[in-house]
Amino acid sequence: MILRIALGQRSWTICILLLLIYYIYRRGDSGYAVGEAFDKKSKESLSAKIEQPVRDFVNKSNLLPPLFRFREIFLISPKYNLATCQIEKVMSTFRSGMFCYLNRKRQFEKEGRNISTEHWSNTLCDDERDERKTFDETIKSLRRNFLMFTVIREPLDRFLSGYTNKCVREKRVPEEKCFGCRGSMMCFLKTLKEKLMAFHNNAQSVFGQDIYYMRHFAPTTWYCDLEKSFNLMHVIRYDMREREKLVSDFNSVLHRARVPFIQRNYISRELLSFQAGEAAMLPLRWHGRAVSKESYSYWSYLILIEKHYSKPCHSKSDISYLTT
């Protein structure tokens with residue numbers, strides 16, 4: 001009798017241990033499949049997903065914290081119940097042209113325009129009719145079962161793309177260009193970080209040229225109101241070394257939005273043309289990777305933060321998962 005009771009208690013203990021092990025295993029493998037299984041009713045905030053070591057790392061440093069609500073620019077296509085969140089220096093110009101084409105196809109083609117050559121200075125869609133300033137406003141403009149996506153890229157590559165474009169190629173008065181740093185990348189990085197931190201801490205109002213540079217170089221997690229939108233957001237990774245994959249990922253999103261094949265095929269061709277132009281700037285950008293140890297620590301932090309937020313999105317879906 002005593003032996004039976006002992007065995008019964010042991011069995012209960014084993015069952016409890018097995019349940020705990022299963023729970024821990026499932027918790028570590030409970031990522032949302034991008035493009036497959038987003039839980040739109042999930043009330044768990046994105047900040048709750050931050051592991052304690054990452055929190056400690058941020059709190060004990062003077063580095064920029066993640067998930068600050070800095071900038072929200074969404075483009076919508078009511079016809080296809082589709083939206084994208086714009087992040088500067090991550091195909092934002094191309095996506096502006098793409099949504100302009102989707103929304104005003106007839107006029108776009110009549111004027112002989114091309115997505116890959118559309119620019120903010122000469123765009124057909126300069127009236128901001130299909131632009132929304134907040135995530136909540138975007139949701140209200142779409143029907144149920146909408147599709148929303150954004151595009152990300154490796155933080156260092158994004159920075160070098162922006163630095164090449166804004167601080168090397170762009171023609172501006174030296175005193176105003178890139179915080180007046182006159183070609184010093186370290187000066188620019190230091191000033192940029194100081195201004196972003198001051199803005200985050202409400203210690204500084206931003207005017208003129210400052211906001212222009214801040215919005216092109218702020219951390220990725222400062223866009224799109226990710227605290228709210230993350231569990232509803234499809235994420236595509238932009239990597240110029242994987243051009244065909246990028247085309248496939250865009251096509252998958254557009255296919256799910258029921259964009260006709262002919263239009264998807266045209267967008268794919270334009271995307272390849274766009275990437276060819278971007279690739280021409282690679283030598284200059286990679287030359288810029290010879291950054292100092294100080295700036296490296298800053299970008300290592302950004303990569304750490306953005307890799308952390310990749311975990312809920314990891315999947316074998318046909319849409320790229322968030323890896324940076």
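Sequential numbering from 1 applies to the sequence shown in UniProt numbering.
Built from N, CA and C at the ideal position, the CB exists for glycine as well.
In its own chain, which residues sit with a C-beta less than 7 Å from the C-beta of residue 258, not counting the 5 before and 5 after it?
Within the sequence shown, residue 258 is the residue found at index 258, counting from 1. So the list reads 80, once near-sequence residues are dropped.
Hey, would you say residue 96 sits closer than 8 Å to residue 123, going by beta carbons?
By 1-based counting over the sequence shown, the position of residue 96 is 96. By 1-based counting over the sequence shown, the position of residue 123 is 123. With respect to the 8 Å criterion, residue 96 and residue 123 are classified as neighbours on the basis of their beta carbons.
Leaving out five residues before and five after residue 83 in sequence, what residues of the same chain have Cβ atoms less than 7 Å from its Cβ?
Sequence index remark: in the sequence shown, residue 83 carries index 83 (1-based). Closer than 7 Å at Cβ, skipping near neighbours: 74, 75, 76, 138, 142, 146 and 148.
Per DSSP, what kind of secondary structure is residue 141 in: helix, strand or coil?
In the sequence shown, residue 141 corresponds to position 141, counting from 1. Here residue 141 sits in coil by DSSP.
Residue 63: which of 196, 165 and 238 sits nearest, CA to CA?
Within the sequence shown, the letter at position 63 stands for residue 63. It is 196.
On the criterion of 16 or more Cβ atoms from any shown chain inside 10 Å, does residue 249 qualify as buried, or is it exposed?
Counted from its first residue, the sequence shown places residue 249 at position 249. Answer is buried; the Cβ neighbour count reaches 16.
Would you call the CB atoms of residue 246 and residue 226 closer than 8 Å?
Here the question's residue 246 lines up with position 246 in the sequence shown. Here the question's residue 226 lines up with position 226 in the sequence shown. No.
Any idea what DSSP makes of residue 234, helix, strand or coil?
Looking up residue 234 in the sequence shown gives position 234. Three-state DSSP puts residue 234 in a strand.
Is it buried or exposed, residue 111, if we count other Cβ atoms within 10 angstroms and call 16 or more buried?
Within the sequence shown, numbered from 1, the residue matching residue 111 stands at position 111. With fewer than 16 Cβ atoms within 10 Å of its Cβ, residue 111 is classed as exposed.
Nearest CA to the CA of residue 101: which residue from 173, 117, 180 and 218?
Your numbering for residue 101 matches position 101 in the sequence shown. Of the listed residues, the one whose Cα sits closest to residue 101 is 117.
Three-state secondary structure (DSSP) at residue 224?
Counting from one through the sequence shown, the residue named residue 224 turns up at place 224. Note: residue 224 maps to coil in three-state DSSP.
What distance in whole Å lies between the Cβ atoms of residue 173 and residue 236, which are believed to be in contact at a cut-off of 8 Å?
Translated into the one-based positions of the sequence shown, residue 236 becomes position 236. Translated into the one-based positions of the sequence shown, residue 173 becomes position 173. Between residue 173 and residue 236 the Cβ distance is about 37 Å, and since that is not below 8 Å, they are no contact.
Cβ-based burial, residue 188 [other Cβ within 10 Å; buried from 16]:
In the sequence shown, counting from the first residue as 1, residue 188 sits at position 188. Residue 188 should be labelled buried.
Work out the CA separation of residue 186 and residue 93 for me, nearest whole Å.
Numbered from its first residue, the sequence shown carries residue 93 at position 93. Numbered from its first residue, the sequence shown carries residue 186 at position 186. The straight-line gap from Cα to Cα measures roughly 27 Å.
Where residue 230 falls, given that 16 or more other Cβ within 10 Å makes a residue buried
Here the question's residue 230 lines up with position 230 in the sequence shown. Buried is the call here.
What are the residues that DSSP puts in a beta bridge with residue 76?
For the purposes of this step, residue 76 is identified with residue 76 of the sequence shown, where counting begins at 1. 83.
Candidates 103, 240, 86 and 135: closest to residue 216 by CA position:
Along the sequence shown, one-based indexing puts residue 216 at 216. Residue 86 is the option with its Cα nearest to residue 216.
Which residue's Cα is closest to the Cα of residue 71: 133, 119, 125 and 115?
By one-based count along the sequence shown, residue 71 stands at place 71. Checked all of 133, 119, 125 and 115; the closest Cα to residue 71 is 133.
DSSP three-state label for residue 93, please.
For the purposes of this step, residue 93 is identified with residue 93 of the sequence shown, where counting begins at 1. DSSP places residue 93 in helix when its eight states are reduced to three.
Considering residue 150, what are the terminal residues of the beta strand (DSSP E) in which it resides?
Start at 1 with the first residue of the sequence shown, and residue 150 comes out as number 150. Residues 147-152.
Would you report the Cα separation of residue 154 and residue 241, rounded to the nearest angstrom?
For the purposes of this step, residue 154 is taken as residue 154 along the sequence shown, with counting starting at 1. For the purposes of this step, residue 241 is taken as residue 241 along the sequence shown, with counting starting at 1. Computed Cα separation, rounded: 12 Å.
Return helix, strand or coil for residue 170, following the three-state DSSP convention.
Translated into positions along the sequence shown, residue 170 becomes position 170. Note: residue 170 maps to coil in three-state DSSP.
With a threshold of 8 Å between beta-carbons, can residue 108 be considered close to chain D, or not?
Chain labels in this structure do not include chain D; a single protein chain is all it has.
CB-CB length for residue 222 against residue 68, believed under 8 Å
One-based indexing of the sequence shown puts residue 222 at position 222. One-based indexing of the sequence shown puts residue 68 at position 68. The beta-carbon distance between residue 222 and residue 68, rounded to whole angstroms, is 5 Å. This is short enough to meet the 8 Å contact definition.
Nearest CA to the CA of residue 125: which residue from 144, 103 and 109?
Working through the sequence shown from its first residue, we reach residue 125 at position 125. Comparing Cα-Cα distances from residue 125 to each of 144, 103 and 109, the minimum goes to 103.
Pick out whichever of 202, 220, 144 and 108 has its Cα sitting closest to the Cα of residue 66.
To locate residue 66, count along the sequence shown from 1; it is residue 66. Per the C-alpha coordinates, the member of 202, 220, 144 and 108 positioned closest to residue 66 is 220.
In this structure, how does DSSP classify residue 131 when only helix, strand and coil are distinguished?
Position 131 of the sequence shown, counting from 1, holds the residue named residue 131. Strand, per DSSP.
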